[in-house]
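Participant: Adding 215 to a residue's 1-based position in the sequence shown gives its number in our numbering.
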Amino acid sequence: VDEETSPNAVAIDYPLDKRFPDGTVLFGKKLFEREYAKGRFGIPTTIAHEFAHIMQYKRKFPVMATKWQELHADFLAGWFTAHRARFWPDNSDPNISARTVYESGDYQFNNPQHHGTREERFAAFRAGYKLNREDIADASFVYTKGLEYIQSRGARIERARRSGSTGDPDIPFYRNRAPKP
Numbered sequence: 216v217d218e219e220t221s222p223n224a225v226a227i228d229y230p231l232d233k234r235f236p237d238g239t240v241l242f243g244k245k246l247f248e249r250e251y252a253k254g255r256f257g258i259p260t261t262i263a264h265e266f267a268h269i270m271q272y273k274r275k276f277p278v279m280a281t282k283w284q285e286l287h288a289d290f291l292a293g294w295f296t297a298h299r300a301r302f303w304p305d306n307s308d309p310n311i312s313a314r315t316v317y318e319s320g321d322y323q324f325n326n327p328q329h330h331g332t333r334e335e336r337f338a339a340f341r342a343g344y345k346l347n348r349e350d351i352a353d354a355s356f357v358y359t360k361g362l363e364y365i366q367s368r369g370a371r372i373e374r375a376r377r378s379g380s381t382g383d384p385d386i387p388f389y390r391n392r393a394p395k396p
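Dropping the structure here:
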């Protein structure tokens, strides 16, 4: 993980270990140390966010704008954080988790790697968290709800053809399309 300019974690769509064929999450040492110093509860949230990207890769979610990928992953991380708080309340602090997501926002609107503002990222996290607090659901359902969430915020999503898809036939296959000028 390149942490030259800032602490980071990243998901890659290929395994570095054959025991984990869906992809790999790399967690930078600087980011780990920073989050641990804040109370460690941001670490599982960051890992959940990165695993959400692996889920996007596996389900062929080629979102053109980075922002929508990130907000979708934040939604899933919020859902996971609520799940963790429900079943392991002594090993979870949703406020620290939410702050971790909030602090990862940026305001680089003209950068193609813009990850969403702090407010957008927090809102996506909160929406996923709220979904789990209202109803326990499986990850496939939450994945779809996350797509609906980003669409309600402006992502242009359409169903794409399934040709060449190796994923589960019951999983929606979505493609993002850039808005027309």
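Just so you know, even glycine gets a beta-carbon here, dropped at the ideal spot from N, CA and C. All values derive from a computational prediction rather than experimental measurement.
1. Can you name, in chain order, every residue of its own chain whose Cβ lies under 6 Å from the Cβ of Ile-365, other than the five neighbours on each side?
2. What's the C-alpha gap between Asn-223 and Val-357?
3. Assign Trp-294 to one of two classes, buried (16 or more other C-beta atoms within 10 Å of its C-beta) or exposed (fewer than that).
4. What residue from Gln-323, Arg-341, Ser-221 has the CA that sits closest to Tyr-317's CA?
5. Would you please state the rounded distance, in angstroms, between the beta carbons of Asp-308 and Phe-256? I believe it to be under 8 Å.
6. Drop a sphere of 10 angstroms on the beta-carbon of Thr-220, count the other beta-carbons inside from all chains shown, and report buried for 16 or more, exposed for fewer.
7. Quick one: using the 10 Å Cβ neighbour count with 16 as the cut-off for buried, is Ile-258 buried or exposed?
8. For Phe-324, name the three-state secondary structure that DSSP assigns.
9. Once you ignore the five residues that flank Arg-314 on each side, which residues in its own chain have a CB closer than 8 Å to its CB?
10. Can you give me the start and stop residues for the beta strand (DSSP E) that Leu-231 sits inside?
11. If you draw a straight line from the C-alpha of Asp-237 to the C-alpha of Asp-228, how long is it?
Facilitator: In terms of the structure at hand:
1. Trp-283, Leu-286, His-287
2. The straight-line gap from Cα to Cα measures roughly 25 Å.
3. buried
4. Arg-341
5. That pair is a contact at about 4 Å.
6. exposed
7. buried
8. coil
9. Lys-253, Gly-257
10. Premise fails: Leu-231 is in no beta strand (DSSP E) and is neither H nor E.
11. 7 Å
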